[in-house]
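Asker: Protein chains in written order, with this note's numbering: chain E, 1 to 257; chain G, 258 to 514; chain S, 515 to 771; chain V, 772 to 1028.
Note that the Cβ used here is the ideal one computed from N, Cα and C, for glycine as well.
Structure provided below as structure tokens; questions to follow.
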């Protein structure tokens, strides 16, 4: 049968990235506590395409995923990227996995155990054999407004905020490290299961530690800057303001090396 | 050209609703303050289809919208539904508009003016010439947790919540009536523009009025039950809990007459 | 500590449903081929609340999930609902799980194996000890337009469509049964991995079998009506029209018994 | 009252961007045909924050919007950015508007008039008094697969695709120019209203012009490269494949000057 993709392109322009996205896939990821956990990733894969070829062979991306172990660690991720490069005869490739990651947390007073979910992501760009690898976690926290607290007779508005961390680093890094840095950056961390004494604890702890989004983004950026392995990061904090119908947000991105 | 739609259906089954959805359309809606406002609606239109016909004529829904004034009030809405019934030779029809609606609000202390947005909706079901009409508004409010306040030395967690109101009623009803009922139901209403003295006001007002989602849904349901024109309602309150990564919610639906 | 929830309600109105939503949870579901599969569910749980109580105890929903096995079958689902009723001292309860479900499919000509994802859902309503159980699957298919094919010199527009099935039934029912009924209802089923000969097959098969959304919804409804165990169903088909920027859709709901 | 924002930051780190997002606002935009049109924008505004200040004054963003005309053209957009810089005492600022934009199109054979919607966006980055301005449009088109057509006895799979264009340019540029480039890049443009003869036209035109996402992205990139005013662009094409449950996509970004 005709290989239309291999025909000459009508317009001889190189394409930066061509591939598939919106695929879902069961994967296994590492966690520090229990070793592994099963989760579901949304996946995108792409490669460059030279000016002369009309099209890429999209089914080969899916074949690469099918031949891949589904067991997501640094080595296997690199294997997948290498395989994509070979199958597609490409010079560069990009792979992204976005997935919920779960941690068992104990509530702060009663010690009840509850599962917390964090949306995490892994990005890999392969170019001329060199891999750039980014790990990310979206960490929900609680913020108490310092201004509202300072000026009000009683109370202060609080809300859920999301700390979105992206990093590049040396060696191996646990997702738990990023989540811990995110959770420390807010007025208080959040939990799935809180009994009354825990709710009292969280309320008091957060009110003792009021934070603007500006404070949270600096705290998280500082935590990442001080991490011995992290050599690039970007943090965005979005606060779903309880006194408004819109969000406040702040971004710090450390300069590219 | 062949009219494939008019052919006999392979399976002679009546279809409850067939139509189009996901269309966007500029419309004009009434507001009490300035008379009219321009907004953008997402629209769906559908009719029943008897067992004998293979298909409906989808382009006629778009023609009905094209011939419609775009000026959304009760009379013109009914005209649109009548027109859909005639064009599609249907016995029943449904039309839905979902759109942002804006109100200018003064902040509670400094009196600064700011525009607030509310997602509103109009639903009309025409059956055998009889129109059932539903008006709805999604109203953001702030809630302060009564339990957290009662048990903590200082503070209480607060968050944004959404009061989703749907109603059937006699005569004409302003969207502003529904929004007012929703805003009164929370610990405090929210604003787009708050200066420092306003933020103090909102914080103190909300802390003086702690409300669970259960309290909010009852307050809103009670407001609707007491409204002289409303004869059916459904209220859902969803609270984006600041101490959790999930929502709390509550629903009251008044029994169908 | 004070139990604010147990206090008397300011407005003595019963609440239809109060609970939590937006929680994510790793679960295990049954599949016919491999026995079990790991997936991630979005969960909501709720109960009724009598007029006299101010609030429900939200943490008990999370405790019920924590004490539950995470292994989703009919018996364990019923156990979870029973447990929610007991923990919350409720008369009625509702539990919903929405999750991606995966099937390994062979491509139609070359026999290449690829994983397909389907969004599925389980709903259970417990009332006075009686459980109403609903199983659902959203099944992507391809549709080729019969009108476009009949009137054009060459070709016909095609697009992805989604068949959203909800059912009540006797005994045990595999999700695979619903998916099969959905996939048979379109012009052709879709695949994650298609080599050239498979793409030829899918194209020709779909063009030999043109279907309006009206045809698809009837075909699926008919398949459900003929299933010996199914005693209630609702099907919605949405077609993401390739010639428009909006969708066509059709709904058949079998009357409640 | 205390100005907490002006206090010294606990961590003396400059913040790249801090501001508000998720606000909705009625605006007026220019169109070539009728002069102006009313639409609704989702808005975000942000500025940099020096290392020494604890927080920015979020209400000033909303005040800037309140004092702005709501009439979106190049001059007024620049005025808004200047105003944000002044009010927030910032060195850099970013403003984004995302809004549906409508064009009246005649169907290709019968000449029926129908309104088409396109999601458009305007981005402005002000830095040290210099404005970088980006205009974008998301343009839906139809694609017919060249491979499927070449290898099949009959037919070829088609689907809706989205051409997402972002540009920087000299002088004034109509959104209509971007939309036209996007619509020319697909196998055929799409319409809201098509009668039977129009559907025949669109089907035949698209089948005479089969295009991969790779072809579409090059065609659009070429159209932008040839536009005398455009000096930077990025195009992404996403095709909602009718034979799969996932998308194919391609990206060309012209190098920064």
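(1) Reducing DSSP to helix, strand and coil, say where residue 689 of chain S ends up.
(2) In angstroms, rounded to a whole number, what distance separates the CA positions of residue 127 of chain E and residue 177 of chain E?
(3) By alpha-carbon positions, which one of E:71, E:215 and E:1 ends up nearest to residue 236 of chain E?
(4) Checking contacts by CB at 8 Å: is residue 904 of chain V closer than that to chain G?
(5) Any C-beta of chain V sitting closer than 8 Å to the C-beta of residue 251 of chain E?
(6) Do residue 262 of chain G and residue 160 of chain E count as a contact pair if the criterion is CB distance below 8 Å?
(7) DSSP three-state label for residue 581 of chain S, please.
(8) What are the residues in the region 490-506 of chain G lying within 7 Å of chain S by C-beta distance?
(9) According to DSSP, simplified to helix, strand and coil, what is residue 458 of chain G?
(10) By DSSP's criteria, residue 512 of chain G is part of a beta bridge. Which residues make up the other side?
(11) Comparing the C-beta of residue 717 of chain S with each C-beta of chain V, is any distance below 8 Å?
(12) What are the partner residues of residue 38 of chain E, as DSSP defines its beta bridges?
(13) With DSSP collapsed to three states, give me the class of residue 439 of chain G.
(14) Would you check if the distance between the CB atom of residue 152 of chain E and the CB atom of residue 460 of chain G is smaller than 8 Å?
(15) Report the partner residues of residue 895 of chain V according to the DSSP bridge assignment.
(16) Does any residue of chain V bring its CB to less than 8 Å from the CB of residue 371 of chain G?
(17) Below 8 Å, can you find three or more Cβ-Cβ pairs linking the region 730-748 of chain S to the region 946-960 of chain V?
(18) Between the alpha carbons of residue 912 of chain V and residue 1023 of chain V, how many angstroms are there, rounded?
(19) Taking DSSP's pairing of strands, which residues face residue 375 of chain G in a bridge?
(20) Check for me: the beta strand (DSSP E) holding residue 493 of chain G runs from which residue to which?
(21) Considering only the alpha carbon of each residue, which of S:636, S:568 and S:661 lies closest to residue 589 of chain S?
(22) Kindly indicate the opening and closing residues of the alpha helix (DSSP H) around residue 922 of chain V.
(23) Closer than 8 Å, Cβ to Cβ, to anything on chain E: give me those residues from the region 531-562 of chain S, in chain order.
(24) Assuming residue 672 of chain S is part of the beta strand (DSSP E), what are its boundary residues?
(25) Would you mind giving the Cβ-Cβ distance between residue 175 of chain E and residue 101 of chain E, rounded to the nearest angstrom? I have them listed as a contact below 8 Å.
(26) Buried or exposed for residue 712 of chain S, please, with buried defined as at least 16 other CB atoms from any protein chain shown within 10 angstroms of its CB.
(27) Could you check whether the region 41-51 of chain E touches the region 6-19 of chain E, counting it as contact only if at least three pairs of C-beta atoms, one from each stretch, sit closer than 8 Å?
(28) Between the Cα of residue 238 of chain E and those of V:773, V:772, V:792 and V:780, spot the shortest distance and give me the residue it belongs to.
(29) Apply the 10 Å Cβ neighbour rule to residue 933 of chain V and answer buried if 16 or more other Cβ atoms are within range, or exposed otherwise.
(30) Output yes or no for whether 8 Å exceeds the beta carbon distance between residue 505 of chain G and residue 474 of chain G.
(31) Could you name the residues that DSSP lists as bridge partners for residue 788 of chain V?
(32) In the DSSP assignment, the alpha helix (DSSP H) including residue 847 of chain V goes from what residue to what residue?
(33) Return the residue from the list S:550, S:516, S:585 and S:523 that minimises the CA-CA distance to residue 539 of chain S.
(34) What does residue 992 of chain V touch in chain E if you count any residue whose Cβ is under 9 Å from its own?
(35) Can you tell me whether residue 707 of chain S is helix, strand or coil according to DSSP?
Answerer: In short, the structure shows the following:
(1) Translated into positions along the third chain, residue 689 of chain S becomes position 175. The answer is helix: DSSP assigns residue 689 of chain S an H, G or I state.
(2) Taking the first residue of the first chain as 1, we reach residue 127 of chain E at position 127. Taking the first residue of the first chain as 1, we reach residue 177 of chain E at position 177. It is roughly 27 Å from the alpha-carbon of residue 127 of chain E to the alpha-carbon of residue 177 of chain E.
(3) By one-based count along the first chain, residue 236 of chain E stands at place 236. Of the listed residues, the one whose Cα sits closest to residue 236 of chain E is E:215.
(4) In the fourth chain, counting from the first residue as 1, residue 904 of chain V sits at position 133. It does not: the Cβ of residue 904 of chain V has no partner Cβ on chain G nearer than 8 Å.
(5) Position 251 of the first chain, counting from 1, holds the residue named residue 251 of chain E. Residue-level contact by beta carbon holds for residue 251 of chain E and chain V, with a gap shorter than 8 Å.
(6) Start at 1 with the first residue of the first chain, and residue 160 of chain E comes out as number 160. Start at 1 with the first residue of the second chain, and residue 262 of chain G comes out as number 5. Result no, Cβ atoms of residue 160 of chain E and residue 262 of chain G do not sit closer than 8 Å.
(7) If you number the third chain from 1, residue 581 of chain S lands on position 67. Residue 581 of chain S falls in the helix class under three-state DSSP.
(8) Listed by position, the residues of the region 490-506 of chain G near chain S (Cβ gap below 7 Å) are 503, 504, 505 and 506.
(9) What you label residue 458 of chain G is simply residue 201 of the second chain in a count that begins at 1. Correct three-state label for residue 458 of chain G: helix.
(10) The count along the second chain starts at 1 and reaches residue 512 of chain G at position 255. Looking at the DSSP assignment, residue 512 of chain G forms no beta bridge with any residue, so it has no partner.
(11) Here the question's residue 717 of chain S lines up with position 203 in the third chain. Residue 717 of chain S belongs to the set of residues whose beta carbon lies under 8 Å from a beta carbon in chain V.
(12) One-based indexing of the first chain puts residue 38 of chain E at position 38. According to the DSSP secondary-structure assignment, residue 38 of chain E is paired through a beta bridge with E:28.
(13) Taking the first residue of the second chain as position 1, residue 439 of chain G is located at position 182. DSSP places residue 439 of chain G in helix when its eight states are reduced to three.
(14) Locating residue 152 of chain E in the first chain gives position 152, where the first residue counts as 1. Locating residue 460 of chain G in the second chain gives position 203, where the first residue counts as 1. The answer is yes: Cβ separation under 8 Å.
(15) Here residue 895 of chain V refers to the residue found at position 124 when the fourth chain is read from its first residue. BP columns for residue 895 of chain V point to V:866 and V:904.
(16) Translated into the one-based positions of the second chain, residue 371 of chain G becomes position 114. Chain V contact via Cβ: present.
(17) Verdict: no, contact absent.
(18) Working through the fourth chain from its first residue, we reach residue 912 of chain V at position 141. Working through the fourth chain from its first residue, we reach residue 1023 of chain V at position 252. Separation of residue 912 of chain V and residue 1023 of chain V (C-alpha to C-alpha, rounded to the nearest whole angstrom) is 18 Å.
(19) Along the second chain, one-based indexing puts residue 375 of chain G at 118. Answer is G:358, bridged to residue 375 of chain G.
(20) Sequence index remark: in the second chain, residue 493 of chain G carries index 236 (1-based). Note, residue 493 of chain G: beta strand (DSSP E), 487-496.
(21) Counted from its first residue, the third chain places residue 589 of chain S at position 75. S:636 is the residue among S:636, S:568 and S:661 whose C-alpha sits nearest the C-alpha of residue 589 of chain S.
(22) Here residue 922 of chain V refers to the residue found at position 151 when the fourth chain is read from its first residue. Looking at the DSSP string, the run of the alpha helix (DSSP H) that includes residue 922 of chain V is 917-922.
(23) Against chain E - using a Cβ distance shorter than 8 Å - the residues of the region 531-562 of chain S are 537, 538, 539, 540, 551, 552, 553 and 554.
(24) Taking the first residue of the third chain as 1, we reach residue 672 of chain S at position 158. In the DSSP assignment, residue 672 of chain S falls within the unbroken beta strand (DSSP E) covering 672-683.
(25) The sequence position of residue 175 of chain E within the first chain is 175, counting from 1. The sequence position of residue 101 of chain E within the first chain is 101, counting from 1. Residue 175 of chain E to residue 101 of chain E, Cβ: 6 Å. Contact.
(26) Looking up residue 712 of chain S in the third chain gives position 198. By the 10 Å Cβ count, residue 712 of chain S comes out buried.
(27) Yes: the two stretches touch, three or more of their Cβ pairs being nearer than 8 Å.
(28) Counted from its first residue, the first chain places residue 238 of chain E at position 238. Among V:773, V:772, V:792 and V:780, the Cα nearest to that of residue 238 of chain E belongs to V:792.
(29) Stepping through the fourth chain from its first residue, residue 933 of chain V is reached at position 162. By the neighbour-count criterion, in which 16 or more other beta carbons inside 10 Å mark a residue as buried, residue 933 of chain V falls on the buried side.
(30) Residue numbering aside, residue 505 of chain G sits at position 248 when the second chain is read from its first letter. Residue numbering aside, residue 474 of chain G sits at position 217 when the second chain is read from its first letter. Contact: no.
(31) Along the fourth chain, one-based indexing puts residue 788 of chain V at 17. Partner(s): E:251.
(32) One-based indexing of the fourth chain puts residue 847 of chain V at position 76. For residue 847 of chain V, the enclosing alpha helix (DSSP H) starts and ends at 845-858.
(33) Numbered from its first residue, the third chain carries residue 539 of chain S at position 25. Taking only the C-alpha atoms, the option nearest residue 539 of chain S is S:585.
(34) As a first step, residue 992 of chain V must be located in the fourth chain, where it is residue number 221. Think of a sphere of 9 Å around the beta carbon of residue 992 of chain V: the chain E residues whose beta carbon falls inside it are 11, 13 and 15, in chain order.
(35) In the third chain, the residue the question calls residue 707 of chain S occupies position 193. Coil at residue 707 of chain S, not helix or strand.
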